[in-house]
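Chains as they are written, first to last, in my numbering: chain C, 4 to 114; chain G, 8 to 865.
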């Protein structure tokens with residue numbers, strides 16, 4: 004079973020913008036979506052190796068909620084981690100993390 | 008159709024061609040029951056040798072990694088670091104250096120080449136290298152670092168061989184901080200690919216990069232220093248040059264020893280003899296790539312090797328494909344100057360005509376070789392400007408369709424061939440993809456973008472030089488297939504940027520939510536969000552980090568700094584017109600030293616500081632703002648800087664006060680958001696020391712006032728700015744630039760720089776002049792008002808950010824550990840400063856302040 008780490012309050016997150024969090028020794032990018040759903044993926048951008056994904060732009064592609072890497076603009080489905088646009092490279096998916104927002108608005112990430 | 012199973016396939020050599028072969032076999036026979044083993048000499052898995060020089064500029068060797076997918080197939084085995092020592096053709100086995108014996112049904116030799124070095128005295132001295140493998144470049148880098156430390160000064164570097172690779176090696180030496188002398192035995196650089204005129208043009212360009220070019224001379228002896236390492240190089244012209252590091256790039260020879268010893272037929276000039284099926288003299292042995300001799304010739308390029316690998320895969324699967332050499336072309340890369348050629352460079356075809364255009368001012372040389380009736384294209388040479396290379400090379404051997412000189416004219420010439428190329432023309436020679444295959448990717452495989460076509464066909468994924476042509480073909484195929492080539496910005500907005508901008512202004516929209524509700528769908532993306540953010544900024548809807556705007560910004564605009572490769576940022580305060588006081592210089596030095604930032608003078612006459620972590624940005628900027636600095640918008644699609652010469656104030660030749668005008672313009676347009684970044688230059692006389700015509704807006708002083716030029720720069724498609732208006736007084740100059748910029752911002756496409764905007768302006772420059780200078784359409788007053796409002800509303804983004812605790816909240820490393828910096832950030836010393844550490848660095852530290860003081864161990 005994975006442990007849950009409280010990383011912040013949902014109000015600490017800007018809508019449709021990410022924040023980096025430490026879950027154990029793992030770097031996680033946490034995003035608050037438009038409807039206050041919170042999702043999390045790995046912070047490391049697999050294409051550049053830099054820990055920057057929390058600083059990408061959140062958007063949509065059809066029904067999917069997407070994240071674009073701030074480094075080389077690859078795009079992923081934020082909920083599944085699937086690489087939607089590898090920008091000409093070999094697609095690499097992201098690891099996703101389970102997130103719950105409890106009744107008090109605390110954002111907890113499974114690590 | 009059932010495919011033959013090739014059984015046990017053994018590939019000797021683990022280079023790019025072997026990689027391609029495995030990739031193709033896996034792709035073409037996903038279910039086949041075969042086993043394939045690749046045996047490699049080098050320790051590394053196959054890597055991108057074509058881009059070897061990027062080792063010096065990339066993050067580490069992993070930048071050269073080829074797709075790892077083929078090695079994941081359970082039928083494929085890769086054994087590196089264990090070269091094959093012998094082949095027993097009777098037993099159908101090979102034996103490796105470690106003693107391993109591998110049996111085969113089919114053996115494919117892909118052993119490539121080795122770097123040949125002349126038997127010059129001293130080639131065995133420490134500090135002498137070849138330039139072929141990852142091991143070579145690693146050893147070269149380590150030597151330069153260690154020797155620089157030992158000698159306590161920058162090294163003198165020398166490269167023997169002025170071919171494509173030699174020039175790449177010389178550029179790599181310069182990247183490593185050494186000087187570079189290039190010694191070439193022939194009378195010109197790239198003597199295999201360039202004619203006399205091209206070689207001479209290239210010499211001028213390369214010399215301009217600081218290389219010392221010595222042609223018609225050879226290295227006769229290398230001399231040692233007291234400690235035994237190489238120190239000097241004697242030349243056949245009697246001179247001697249200092250040489251603390253020497254790279255030999257004197258050609259390659261096919262690696263055919265094992266084949267030779269096993270009794271296979273070997274070509275006169277080396278290489279394993281193969282026929283059109285790529286079989287050797289033993290029917291169960293094949294040879295591909297540089298080790299194969301086809302019709303007496305060995306290739307030195309990856310494209311024919313890949314084509315041979317395709318043939319072997321097809322044959323192994325029971326097909327009947329044969330190899331036919333395609334026309335070679337060569338393009339210099341990674342050196343900082345452009346040179347390329349293809350086909351019959353020296354016009355050796357009987358009756359061939361040469362049409363050339365040399366422009367010593369623009370430093371370009373272009374030549375086309377055509378048949379005696381001037382209709383058929385036989386070859387081309389391009390130095391300084393290779394934009395014609397990718398579009399004309401596929402036309403080799405075909406009708407040119409226009410007078411050859413029309414292609415070479417400096418401007419307004421015949422349009423380069425584009426979307427209507429015949430199906431069988433090879434567009435991408437690296438991956439051997441024809442125009443027909445590209446079209447089929449669209450019409451049969453449903454690709455709707457260049458990116459999808461690249462993934463589907465592999466076209467444009469190796470050297471990338473064909474991408475402009477690829478783009479034209481994809482667009483026109485989409486169009487004729489009835490797929491509307493949308494000029495939509497993205498899936499969220501169905502109109503181009505200029506149209507949306509007009510709607511935003513008309514309706515007075517203030518937020519992205521309003522804009523998308525009124526004119527779009529969905530929640531936006533990385534394309535439309537920053538574009539809308541820029542429009543909202545241009546219409547003065549508030550600070551870029553206001554709550555509703557913050558989520559729209561690209562990370563650069565979001566944290567008001569420019570993201571670097573390791574995820575840290577650069578800090579570039581405004582230094583208007585390139586003027587800075589001594590006191591402010593001291594502040595920059597103090598701040599950089601304290602935070603361990605690497606400093607650098609930029610091309611725009613500013614000082615950039617590198618390596619600031621996101622959590623450090625507010626503290627750094629607090630110090631800078633307190634000292635009177637403001638944001639330089641080096642991160643934004645906005646005015647970057649106004650470059651100037653010192654002008655009349657000091658210069659003996661200046662005819663106007665260019666520095667004061669530069670400061671006036673920079674203060675006027677600072678912070679102005681635009682479709683793309685733009686730069687301005689002001690020169691105080693016609694000598695043009697500010698290089699103003701290389702800017703989006705260039706101002707050059709005359710005796711009577713100012714001339715203004717527009718549409719220069721253009722990024723990777725360079726362009727000189729063109730004259731818009733002459734002899735303007737100060738105020739009129741400002742008015743003309745105001746109107747030009749306001750008109751550009753309102754009507755350009757997303758991320759369109761001024762160069763293509765001016766080039767594609769309906770009615771051309773004459774019409775732009777009528778609108779902007781003569782106000783023929785009556786837009787002047789409105790454009791003036793837009794700019795007046797911008798000037799009145801300007802605030803420094805960084806000061807506003809520091810004054811607002813809400814905006815400062817995002818500048819943390821981790822939301823739940825704001826005091827823990829990203830633990831993966833590590834720095835290595837380089838020339839007394841730091842850079843992000845790479846795999847293989849001797850010393851490194853998480854603190855840049857510590858890292859810059861470390862000594863590189865020898």
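Every residue gets a Cβ at the ideal spot worked out from N, C-alpha and C, and that includes glycine.
No experiment lies behind these values; they were computed from the predicted model shown.
**Prompt:** Roughly how many whole angstroms lie between the Cα atoms of residue 63 of chain G and residue 181 of chain G?
**Reply:** Counted from its first residue, the second chain places residue 63 of chain G at position 56. Counted from its first residue, the second chain places residue 181 of chain G at position 174. Computed Cα separation, rounded: 10 Å.
**Request:** Could you round the C-beta distance between residue 168 of chain G and residue 145 of chain G to whole angstroms and report it? I think they count as a contact, below 8 Å.
**Result:** The residue given as residue 168 of chain G occupies position 161 in the second chain. The residue given as residue 145 of chain G occupies position 138 in the second chain. That pair is no contact at about 20 Å.
**Message:** So residue 149 of chain G contacts chain C; which residues on that side make the cut at Cβ distance below 7 Å?
**Reply:** The sequence position of residue 149 of chain G within the second chain is 142, counting from 1. Chain C residues near residue 149 of chain G: none, gap ~22 Å exceeds 7 Å.
**Rounded distance between the beta-carbons of residue 502 of chain G and residue 538 of chain G, thought under 8 Å** = The residue labelled residue 538 of chain G in the question sits at position 531 within the second chain. The residue labelled residue 502 of chain G in the question sits at position 495 within the second chain. Incorrect: roughly 11 Å between the Cβ atoms, too far for contact.
**Message:** Using a Cβ-Cβ cutoff of less than 8 Å, which residues in the same chain neighbour residue 419 of chain G once the five nearest sequence positions on both sides are dropped?
**Reply:** Here residue 419 of chain G corresponds to residue number 412 of the second chain, with the count starting at 1. The predicted model places residue 419 of chain G with a pLDDT of 45, which falls under 50 and marks its position as unreliable; any figure quoted below should be read in that light. Within the same chain, no Cβ atom closer than 8 Å to the Cβ of residue 419 of chain G is found once the five residues on either side in sequence are excluded.
**Prompt:** Quick one, which of C/58, C/50, C/14 has its alpha-carbon nearest residue 813 of chain G's?
**Reply:** If you number the second chain from 1, residue 813 of chain G lands on position 806. The shortest Cα separation from residue 813 of chain G among C/58, C/50, C/14 belongs to C/14.
**Asked** Based on Cα-Cα distance, which residue from C/22, C/56, C/59, C/47 lies nearest to residue 41 of chain C?
**Response** Within the first chain, the letter at position 38 stands for residue 41 of chain C. Checked all of C/22, C/56, C/59, C/47; the closest Cα to residue 41 of chain C is C/22.
**Prompt:** Along the chain, where does the alpha helix (DSSP H) that runs through residue 55 of chain C open and close?
**Reply:** Within the first chain, residue 55 of chain C is the residue found at index 52, counting from 1. Element bounds for residue 55 of chain C: n/a, residue is neither H nor E.
**Request:** Kindly indicate if chain G contains any beta-carbon less than 8 Å away from that of residue 17 of chain C.
**Result:** On the first chain, residue 17 of chain C is found 14 positions in, with the first residue counted as 1. Yes - at least one Cβ of chain G is within 8 Å of the one on residue 17 of chain C.
**Request:** Evaluate the contact criterion for the region 476-488 of chain G versus the region 427-445 of chain G: three or more CB pairs, one atom per stretch, below 8 Å.
**Result:** yes
**Message:** Going residue by residue through the region 632-686 of chain G, where are the continuous beta strand (DSSP E) segments of at least 3 residues, counting only ones entirely within it?
**Reply:** The beta strand (DSSP E) runs lying completely inside the region 632-686 of chain G and spanning 3 residues or more are 646-651, given in chain order.
**Asked** Which value, in whole angstroms, describes the spacing of the CA atoms of residue 671 of chain G and residue 435 of chain G?
**Response** Position 664 of the second chain, counted from the start, is the residue given in the question as residue 671 of chain G. Position 428 of the second chain, counted from the start, is the residue given in the question as residue 435 of chain G. So the two alpha carbons sit approximately 49 Å from each other.
**Prompt:** At a Cβ cut of 7 Å, what residues of the region 497-531 of chain G count as close to chain C, listed as they run along the chain?
**Reply:** 498, 529, 530, 531
**Message:** On the DSSP bridge list, what partners appear for residue 801 of chain G?
**Reply:** Taking the second chain and counting its residues from 1, one reaches residue 801 of chain G at position 794. Answer is none; residue 801 of chain G lacks a bridge partner.
**Asked** Which term fits residue 888 of chain G, buried or exposed, when burial requires 16 or more other beta carbons within 10 angstroms of its beta carbon?
**Response** Outside the modelled stretch of chain G, which goes from 8 to 865, sits residue 888 of chain G, for which no answer is possible.
**Beta-carbon proximity of residue 557 of chain G to residue 624 of chain G, cut-off 8 Å** = For this step, residue 557 of chain G is matched to residue 550 along the second chain. For this step, residue 624 of chain G is matched to residue 617 along the second chain. Against a cut-off of 8 Å, the Cβ pair of residue 624 of chain G and residue 557 of chain G comes out as no contact.
**Asked** Given 8 Å as the limit, is there contact between the region 145-154 of chain G and the region 317-331 of chain G, that is, 3 or more CB pairs closer than that?
**Response** no
**Message:** Contact defined as beta carbons within less than 8 Å: I believe residue 748 of chain G pairs with residue 676 of chain G. What is the distance between those atoms, to the nearest angstrom?
**Reply:** Your numbering for residue 748 of chain G matches position 741 in the second chain. Your numbering for residue 676 of chain G matches position 669 in the second chain. That belief holds up - the Cβ atoms of residue 748 of chain G and residue 676 of chain G are roughly 7 Å apart, short of 8 Å.
**Prompt:** What residues from chain B crowd round residue 74 of chain G, counting only those whose CB sits closer than 8 Å?
**Reply:** Of the protein chains in the structure, C and G, none is chain B.
**Asked** According to a CB-to-CB cut-off of less than 8 Å, which residues of the region 59-80 of chain C neighbour chain G?
**Response** 59, 60, 61, 62, 63, 64, 65, 68, 69, 71, 73, 74, 76, 78
**Request:** Report yes or no: is there a C-beta of chain G within less than 8 Å of the C-beta of residue 97 of chain C?
**Result:** Here residue 97 of chain C corresponds to residue number 94 of the first chain, with the count starting at 1. Output row for residue 97 of chain C: interface = no.
**Asked** Using CA coordinates, which residue listed in G/235, G/713, G/725 is at the minimum distance from residue 739 of chain G?
**Response** Residue numbering aside, residue 739 of chain G sits at position 732 when the second chain is read from its first letter. Closest by alpha carbon: G/713.
**Prompt:** Does any residue of chain G bring its CB to less than 8 Å from the CB of residue 104 of chain C?
**Reply:** As a first step, residue 104 of chain C must be located in the first chain, where it is residue number 101. So no, residue 104 of chain C is outside the interface.
**Prompt:** When you check each C-beta in the region 811-827 of chain G against every C-beta of chain C, which residues fall closer than 9 Å?
**Reply:** 816, 817, 819, 820, 821, 822, 823, 824, 827
**Prompt:** On the three-state DSSP scale, how would you describe residue 22 of chain C?
**Reply:** Reading the first chain from its first residue, position 19 is the one you call residue 22 of chain C. DSSP places residue 22 of chain C in strand when its eight states are reduced to three.
**Request:** Report the partner residues of residue 364 of chain G according to the DSSP bridge assignment.
**Result:** Here residue 364 of chain G refers to the residue found at position 357 of the second chain. G/373.
**Prompt:** Would residue 574 of chain G count as contacting chain C if we go by Cβ distances under 8 Å?
**Reply:** Here residue 574 of chain G is taken as the residue at index 567 of the second chain, counted from 1. Closer than 8 Å to some Cβ of chain C, the Cβ of residue 574 of chain G qualifies, so yes.
**Asked** With which residues is residue 12 of chain C paired in a DSSP beta bridge?
**Response** In the first chain, counting from the first residue as 1, residue 12 of chain C sits at position 9. C/109, per the DSSP bridge assignment.
**Message:** Would residue 682 of chain G and residue 504 of chain G be called neighbours here (beta carbons separated by less than 8 Å)?
**Reply:** Along the second chain, one-based indexing puts residue 682 of chain G at 675. Along the second chain, one-based indexing puts residue 504 of chain G at 497. In this structure, residue 504 of chain G lies closer than 8 Å to residue 682 of chain G by Cβ.
**C-beta atoms of residue 388 of chain G and residue 194 of chain G nearer than 8 Å** = Counting from one through the second chain, the residue named residue 388 of chain G turns up at place 381. Counting from one through the second chain, the residue named residue 194 of chain G turns up at place 187. Not a contact, by the Cβ cut-off of 8 Å.
**Asked** When the Cα atoms are used, what is the spatial distance from residue 622 of chain G to residue 805 of chain G?
**Response** By 1-based counting over the second chain, the position of residue 622 of chain G is 615. By 1-based counting over the second chain, the position of residue 805 of chain G is 798. Their Cα atoms are separated by approximately 14 Å.
**Request:** Can you tell me which of the three DSSP states residue 334 of chain G falls into?
**Result:** By one-based count along the second chain, residue 334 of chain G stands at place 327. Judged by DSSP in its simplified three-state form, residue 334 of chain G adopts coil rather than helix or strand.
**Prompt:** What first and last residue would you give for the beta strand (DSSP E) that runs through residue 494 of chain G?
**Reply:** The residue you call residue 494 of chain G lines up with position 487 of the second chain. It is not in any beta strand (DSSP E) - residue 494 of chain G carries neither H nor E in the DSSP assignment.
**CA-to-CA distance, residue 829 of chain G to residue 823 of chain G, given in whole angstroms** = Locating residue 823 of chain G in the second chain gives position 816, counting from the first residue. Locating residue 829 of chain G in the second chain gives position 822, counting from the first residue. Each residue's alpha carbon lies about 12 Å from the other.
**Prompt:** To the nearest angstrom, how far is it from the Cα of residue 73 of chain G to the Cα of residue 326 of chain G?
**Reply:** Taking the first residue of the second chain as position 1, residue 73 of chain G is located at position 66. Taking the first residue of the second chain as position 1, residue 326 of chain G is located at position 319. Each residue's Cα considered, the two are about 27 Å apart.
**Item:** residue 390 of chain G beta carbon less than 8 Å from that of residue 346 of chain G
**Value:** By 1-based counting over the second chain, the position of residue 346 of chain G is 339. By 1-based counting over the second chain, the position of residue 390 of chain G is 383. Contact: yes.
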